[in-house]
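**Q**
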Amino acid sequence: MAWVSSVIGAVGALGLLLAAVFLGGWPVWLAVLLYPFEAALLAFAVIASLSWRNRRSSAKASQRPDKPQGLGQRPF
42 MAWVSSVIGA
52 VGALGLLLAA
62 VFLGGWPVWL
72 AVLLYPFEAA
82 LLAFAVIASL
92 SWRNRRSSAK
102 ASQRPDKPQG
112 LGQRPF
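Going from the sequence shown to the working numbering is simple: count from 1 and add 41.
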């Protein structure tokens, strides 16, 4: 889960860096200086969202019964 968020953070930050330089008119040195912070922030956001999804799905799984209801006894 951590490597996925690191890759997404790095690629997303690269996209933000390119958009800031080419579309926003930011100086290249400023965009490059802020790149590690953007990548870390995006990686932490992805980790938080994956953790939240995992916690939510495990809560739903704990509400489900282990055995299907209403099947009765099996003959064999």
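Where a beta carbon is used, it is the ideal one built from N, C-alpha and C, also for glycine. These figures come from a predicted structure and were not determined experimentally.
Where S90 and A84 are concerned, what is the direct C-alpha to C-alpha distance, given to the nearest angstrom?
**A** 10 Å
**Q** Along the chain, where does the alpha helix (DSSP H) containing L57 start, and where does it finish?
**A** 43 to 63
**Q** Using only CA atoms, which one of W44, F78, R97, G65 lies nearest to A54?
**A** F78
**Q** Pull up the distance between the alpha-carbon of V69 and that of I88, whole angstroms please.
**A** 28 Å
**Q** Check the Cβ-Cβ distances between S90 and every residue of chain B, and say whether any is below 8 Å.
**A** Looking for chain B here will not work: only one protein chain is present.
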